[in-house]
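In my numbering, the protein residues as written are 17 to 417. All C-beta atoms in this analysis are idealised placements derived from N, C-alpha and C, irrespective of residue type, glycine included. Model, not experiment: these values are computed from the prediction. First comes the structure, then the notes that go with it.
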């Protein structure tokens with residue numbers, strides 16, 4: 017089936033955070049909205065058809081996930097990721113961040129430490145701190161244009177828990193972002209095996225956010241961390257949804273895969289007050305998990321071309337450099353060469369360039385001087401973003417007369 021990603025429907029006037037609030041949030045209503053991580057693309061026909069069929073019944077009362085939904089996820093994990101799971105491992109939720117809160121609560125106690133690898137999706141910090149836990153950072157290392165995990169520092173971060181358990185806060189969990197938002201890294205199997213072995217050795221549960229797992233824009237395959245071994249299965253809480261791939265975040269449905277019965281029971285208790293997923297969200301989720309009509313491959317191909325357009329368009333611009341992504345529809349742009357502080361860079365992007373991005377400093381240590389730009393949009397919008405960058409940077413870099 018042919019996909020017309022070049023002509024997405026207009027989202028202005030639809031109460032879209034991305035489009036209708038850009039003036040309110042950024043101070044320039046004419047800035048291109050390339051910040052929040054949803055795409056402008058319509059959902060697959062199969063998802064729309066499933067929603068239309070459910071809408072024919074005029075009652076939307078309390079509900080529960082059907083067996084067919086569980087099976088659709090079991091099948092999807094097997095066909096797309098080579099991971100054989102059991103239906104009882106699946107717990108449904110209203111969103112990955114809500115599920116992350118439950119995972120943190122299930123894995124730790126108030127006062128414990130949770131380890132992150134910044135720059136990373138900024139709500140992770142708030143989730144940890146709002147639950148009375150402490151953030152421990154293992155910053156990623158940017159080397160030769162690619163981010164890597166700092167295993168030497170990670171070993172050192174784990175060491176106090178082993179050496180002085182009575183005197184130090186306890187590192188009780190680690191959050192993995194895979195593919196990593198915002199830097200776009202798809203972690204290799206070797207990296208995940210090394211990380212998994214370390215977590216197993218130290219008895220530290222891994223909370224793995226894999227919401228972008230389908231969105232591959234390079235040659236690297238995605239490896240589900242929990243699929244590496246039976247031991248890793250039991251030590252991992254895997255968080256997923258259809259929201260990023262199929263553009264249904266407003267329907268409020270997600271799922272977590274938790275093989276260990278004890279951890280799963282604690283997780284279920286932790287999210288007892290979080291509410292049930294939206295009825296239509298579960299309908300859309302099942303249709304998305306069963307979608308095999310080429311939507312995903314067409315989407316990834318389009319995103320790859322958007323990436324090429326953006327990369328080639330800014331390649332010769334002074335002061336900025338693209339960190340080549342392997343996954344997600346987000347690009348991490350290194351703008352440190354412009355010599356601006358974060359406030360100046362924000363003003364420059366929004367008011368001089370005319371692009372509303374996510375500011376790098378929000379993603380924590382190592383994000384200063386960067387911007388995250390969302391390429392989940394029409395090719396024309398990417399071309400316009402490049403043109404605006406070229407015009408603004410050409411003027412900015414001109415020598416004083």
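Distance check for residue j and residue i, CA to CA, integer angstroms please.
i: residue 185; j: residue 167; result: 20 Å
i: residue 419; j: residue 149; result: Since the first residue shown for the chain is 17 and the last is 417, residue 419 is missing from the structure and cannot be characterised.
i: residue 213; j: residue 207; result: 10 Å
i: residue 215; j: residue 86; result: 29 Å
i: residue 171; j: residue 247; result: 20 Å
i: residue 391; j: residue 27; result: 16 Å
i: residue 327; j: residue 75; result: 49 Å
i: residue 92; j: residue 107; result: 15 Å
i: residue 258; j: residue 301; result: 6 Å
i: residue 340; j: residue 329; result: 14 Å
i: residue 350; j: residue 278; result: 43 Å
i: residue 66; j: residue 312; result: 18 Å
i: residue 133; j: residue 305; result: 29 Å
i: residue 401; j: residue 295; result: 37 Å
i: residue 348; j: residue 113; result: 22 Å
i: residue 81; j: residue 143; result: 26 Å
i: residue 109; j: residue 115; result: 6 Å
i: residue 39; j: residue 370; result: 11 Å
i: residue 235; j: residue 29; result: 38 Å
i: residue 368; j: residue 408; result: 6 Å
i: residue 307; j: residue 175; result: 45 Å
i: residue 48; j: residue 280; result: 42 Å
i: residue 73; j: residue 267; result: 18 Å
i: residue 165; j: residue 157; result: 6 Å
i: residue 218; j: residue 131; result: 13 Å
i: residue 237; j: residue 120; result: 28 Å
i: residue 36; j: residue 366; result: 16 Å
i: residue 224; j: residue 357; result: 32 Å
i: residue 252; j: residue 211; result: 12 Å
i: residue 100; j: residue 90; result: 7 Å
i: residue 284; j: residue 68; result: 31 Å
i: residue 45; j: residue 331; result: 28 Å
i: residue 249; j: residue 95; result: 18 Å
Apply the 10 Å Cβ neighbour rule to residue i and answer buried if 16 or more other Cβ atoms are within range, or exposed otherwise.
i: residue 324; result: exposed
i: residue 146; result: exposed
i: residue 416; result: Interpretation of residue 416 is limited by its pLDDT of 48, a score under 50 that renders its predicted location unreliable; no figure is taken from the coordinates.
i: residue 398; result: buried
i: residue 83; result: exposed
i: residue 31; result: exposed
i: residue 355; result: exposed
i: residue 126; result: exposed
i: residue 245; result: exposed
i: residue 310; result: exposed
i: residue 287; result: buried
i: residue 22; result: exposed
i: residue 262; result: buried
i: residue 275; result: buried
i: residue 410; result: exposed
i: residue 102; result: exposed
i: residue 71; result: exposed
i: residue 297; result: buried
Please report the Cβ distance between residue i and residue j, rounded to the nearest whole angstrom; I am assuming they are in contact, meaning their Cβ atoms lie under 8 Å.
i: residue 314; j: residue 63; result: No, residue 314 and residue 63 are not in contact; Cβ-Cβ is about 14 Å, not under 8 Å.
i: residue 372; j: residue 140; result: Between residue 140 and residue 372 the Cβ distance is about 22 Å, and since that is not below 8 Å, they are no contact.
i: residue 202; j: residue 319; result: Contact flag wrong, Cβ pair sits at about 14 Å.
i: residue 205; j: residue 254; result: Residue 205 to residue 254, Cβ: 16 Å. No contact.
i: residue 123; j: residue 152; result: Their Cβ separation, rounded to whole angstroms, is 14 Å, which puts residue 123 and residue 152 out of contact at 8 Å.
i: residue 333; j: residue 406; result: 7 Å
Do the CB positions of residue i and residue j come within less than 9 Å of each other?
i: residue 195; j: residue 344; result: yes
i: residue 264; j: residue 50; result: no
i: residue 222; j: residue 190; result: yes
i: residue 192; j: residue 241; result: yes
i: residue 111; j: residue 292; result: no
i: residue 362; j: residue 375; result: yes
i: residue 379; j: residue 52; result: no
i: residue 335; j: residue 198; result: no
i: residue 243; j: residue 79; result: no
i: residue 55; j: residue 393; result: yes
i: residue 227; j: residue 260; result: yes
i: residue 24; j: residue 58; result: yes
i: residue 395; j: residue 321; result: yes
i: residue 161; j: residue 346; result: no
i: residue 386; j: residue 352; result: yes
Less than 8 Å between the CB of residue i and some heavy atom of the ligand FAD, yes or no?
i: residue 365; result: With respect to the ligand FAD, the structure offers nothing, as it holds no ligand at all.
- Complete alpha helix (DSSP H) runs within the region 59-121 (minimum length 4 residues, chain order): As far as the region 59-121 is concerned, its whole alpha helix (DSSP H) runs of at least 4 residues are 61-71 and 83-97.
- Query: Taking only runs of the beta strand (DSSP E) that begin and end inside the region 204-283, which ones reach a length of at least 3 residues, in chain order?
  - Reply: Those beta strand (DSSP E) runs which fall completely within the region 204-283 and span 3+ residues are 222-225, 252-256 and 270-273.
- Taking only runs that begin and end inside the region 291-341, name each unbroken alpha helix (DSSP H) of 4 or more residues, in chain order. List check, alpha helix (DSSP H) in window: 295-305 and 311-330.
- Message: Which runs of the alpha helix (DSSP H) at least 4 residues long sit entirely within the region 147-200? Give them in chain order.
- Response: Qualifying alpha helix (DSSP H) stretches, in chain order: 167-179.
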